[in-house]
Amino acid sequence: MCSAVQCPLTSLSPGQSTMESGQRVPRKGRKLGSSRRRQMREPADGQDASVAPEPESWSSESAAELQGFFQDCGAKERGFVTREDLVVAKFSFLGSKEEPGMIFDWVDVERKGRLSLEEFSSGLKNIFGSSPSTHRLHRRRPQSSKRGSVATSFPVQEEADTEEKEAFFAFMEQPAASHSLPEQAEIWQLWRKLQQEEPQLAGNLEGFLAKMNSRLQEARTEKEVLELTLRKRDSDHHRAVQQLYEEMEQQIRQEKQQLQAESDSRGLALSSQMQEVLEAKERAVQCLTEGQKELEAQLHHLSGTHQEASSENQQLREAQRDLAGRLEEVQGQLQVTRGHLNATKGHVSWQMEEEPRQVAATPGLGWRPGASWKRGGWL
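Taking full-length UniProt numbering, the leading residue of the sequence shown gets 1, the next gets one more, and so forth.
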């Protein structure tokens with residue numbers, strides 16, 4: 001901040017007065033500082049010129065809200081807070097929409113880029129105090145209260161005298177000189193340097209700061225317009241995505257209905273086909289059952305016939321055995337008869353052979369020519 005302000009100031013001549021630049025604010029500030037200087041000198045010489053008010057305790061609501069912010073943005077897990085975490089932060093103890101993004105700049109005086117949870121919490125306590133409306137009061141409370149808060153924020157001011165402090169407070173109380181506390185610390189350092197080395201350039205500093213504040217206000221306005229445009233684009237994008245999502249859902253529902261209808265149609269056709277196949281199978285089973293019954297009846301009949309045939313066969317076998325016995329008996333008798341017959345034939349043959357011999361031997365009974373033998377004698 002100091003280097004940025006010193007550049008335009010060096011272009012001005014050291015002899016250029018505050019009146020030439022059109023800035024009367026420093027004299028008014030010095031007049032106010034003189035009147036206040038007399039009031040500040042009323043205490044005894046042994047007393048301090050200004051006493052910083054004791055900060056109240058940090059409210060439990062603000063502490064709980066801060067802990068909830070740490071949990072939501074993930075800082076509690078990381079162990080540190082960045083400026084990006086505060087862009088979308090919402091605190092009840094802030095007064096305007098652009099302030100959440102500026103809190104980190106107020107607390108991060110050393111410009112480290114990230115702060116631990118303890119550093120961020122203590123920085124907020126030092127800036128806002130205990131009351132949730134402290135920051136709003138910083139803009140609306142009486143000027144003396146603002147001066148007191150500035151005095152408690154810059155320990156380096158204790159080295160300056162009361163007149164210099166009052167002049168700086170008067171300058172900072174101007175409507176065009178609204179800055180955050182880190183900026184006020186840098187302005188204070190530059191203010192002291194100019195007051196000690198080149199007092200004639202203090203008015204140029206005030207004018208430059210007024211212009212810079214105006215440009216910052218324009219930048220804030222452009223930022224708000226840009227944020228509004230981005231929010232509108234985000235809303236349009238969200239609406240387009242929602243419409244696309246609804247169209248996709250509608251298409252998915254239609255495809256599901258179509259697939260369900262096709263599935264139902266295929267299911268009905270398959271069910272009808274399976275019903276026909278089942279009926280054909282049932283008819284085949286019925287035919288097989290009837291054939292089985294017929295076969296069982298035939299088997300029963302054949303079984304009965306087989307029993308009858310077995311009985312007849314048994315009878316035939318018994319008759320055969322009986323006939324075989326008789327046949328053997330007849331054969332035995334026939335054999336005996338054949339024996340007797342053979343014996344008889346042998347005897348007859350012997351008699352036929354012996355009888356001619358006996359006739360020849362017996363006189364008068366001899367054989368004659370032309371005679372034939374018959375049983376009982378010759379003829």
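Don't be surprised by glycine CBs; every beta carbon is placed ideally from N, CA and C.
All figures in this text were calculated on a predicted structure; none of them were measured in a lab.
Considering only the beta carbon of each residue, do PHE120 and ALA89 sit closer than 8 Å? Your numbering for residue 120 matches position 120 in the sequence shown. Your numbering for residue 89 matches position 89 in the sequence shown. It is not a contact, given that the beta carbons lie outside the stated cut-off.
Any idea which residues DSSP pairs ARG114 with across the strands? Looking up residue 114 in the sequence shown gives position 114. DSSP lists THR82 as the beta-bridge partner residues of ARG114.
Span separating the alpha-carbon of GLU318 from that of ASN342: Here residue 318 corresponds to residue number 318 of the sequence shown, with the count starting at 1. Here residue 342 corresponds to residue number 342 of the sequence shown, with the count starting at 1. Going by the C-alpha atoms only, they are around 35 Å apart.
Looking at the unbroken alpha helix (DSSP H) that takes in PHE70, where does it start and where does it end? Residue numbering aside, residue 70 sits at position 70 when the sequence shown is read from its first letter. PHE70 -> alpha helix (DSSP H) spans 60-73.
Determine the direct distance from the alpha carbon of GLN273 to that of LEU259, and round the result to whole angstroms. Taking the first residue of the sequence shown as position 1, residue 259 is located at position 259. Taking the first residue of the sequence shown as position 1, residue 273 is located at position 273. Each residue's alpha carbon lies about 21 Å from the other.
I need the DSSP call for GLU247, collapsed to helix, strand or coil. As a first step, residue 247 must be located in the sequence shown, where it is residue number 247. In the structure shown, GLU247 sits in a helix (DSSP, three-state: H, G or I).
Given this structure, state the Cα-to-Cα distance separating SER60 from GLN196, to the nearest angstrom. For this step, residue 60 is matched to residue 60 along the sequence shown. For this step, residue 196 is matched to residue 196 along the sequence shown. Distance between the alpha carbons of SER60 and GLN196: 45 Å.
For my contact list, LEU117 and ALA75 are in at a C-beta cut-off of 8 Å; report their separation, rounded to the angstrom. In the sequence shown, counting from the first residue as 1, residue 117 sits at position 117. In the sequence shown, counting from the first residue as 1, residue 75 sits at position 75. That pair is a contact at about 6 Å.
Given a threshold of 16 other Cβ atoms within 10 Å of its Cβ, counted over all protein chains shown, does VAL81 qualify as buried or as exposed? The residue given as residue 81 occupies position 81 in the sequence shown. Buried, because 16 or more other Cβ atoms sit within 10 Å of the Cβ of VAL81.
Suppose contacts are defined by Cβ-Cβ distances below 8 Å. Is ARG83 in contact with PHE104 by that definition? Working through the sequence shown from its first residue, we reach residue 83 at position 83. Working through the sequence shown from its first residue, we reach residue 104 at position 104. Yes, the Cβ-Cβ distance between ARG83 and PHE104 is below 8 Å.
In angstroms with no decimal places, state the Cα-to-Cα distance between SER310 and HIS300. Stepping through the sequence shown from its first residue, residue 310 is reached at position 310. Stepping through the sequence shown from its first residue, residue 300 is reached at position 300. Cα to Cα, SER310 sits roughly 15 Å from HIS300.
How about GLU110 and PHE91: are their beta carbons less than 8 Å apart? Taking the first residue of the sequence shown as 1, we reach residue 110 at position 110. Taking the first residue of the sequence shown as 1, we reach residue 91 at position 91. Taking 8 Å as the Cβ cut-off, GLU110 and PHE91 do not qualify as a contacting pair.
With DSSP collapsed to three states, give me the class of PHE91. Start at 1 with the first residue of the sequence shown, and residue 91 comes out as number 91. Coil, per DSSP.
Given ASP108, which residues of its chain have a CB within under 7 Å of its CB, disregarding the five upstream and five downstream residues? Here residue 108 corresponds to residue number 108 of the sequence shown, with the count starting at 1. The residues are LEU115.
Assign TRP350 to buried or exposed, taking buried as 16 or more other Cβ atoms, counted over all protein chains shown, within 10 Å of its Cβ. One-based indexing of the sequence shown puts residue 350 at position 350. Under this definition TRP350 is an exposed residue.
Report the three-state DSSP secondary structure of GLU294 (helix, strand or coil). For the purposes of this step, residue 294 is taken as the residue at position 294 of the sequence shown. DSSP, reduced to helix, strand and coil, places GLU294 within a helical segment of the structure shown.
Can you tell me whether residue 384 is buried or exposed? The criterion is at least 16 other CB atoms within 10 Å of its CB, across all chains shown. A query on residue 384 cannot be resolved here, the shown segment of the chain reaching from 1 to 379 and no further.
Nearest-angstrom Cα separation, counted from GLN250 out to ALA261: If you number the sequence shown from 1, residue 261 lands on position 261. If you number the sequence shown from 1, residue 250 lands on position 250. Going by the C-alpha atoms only, they are around 16 Å apart.
For GLU198, which three-state DSSP category applies? In the sequence shown, counting from the first residue as 1, residue 198 sits at position 198. Residue state for GLU198 is assigned as coil, using DSSP reduced to three classes.
Simplified DSSP state of residue 384, which is helix, strand or coil: Examination of residue 384 is not possible in this model, given that the chain is present from 1 through 379 alone.
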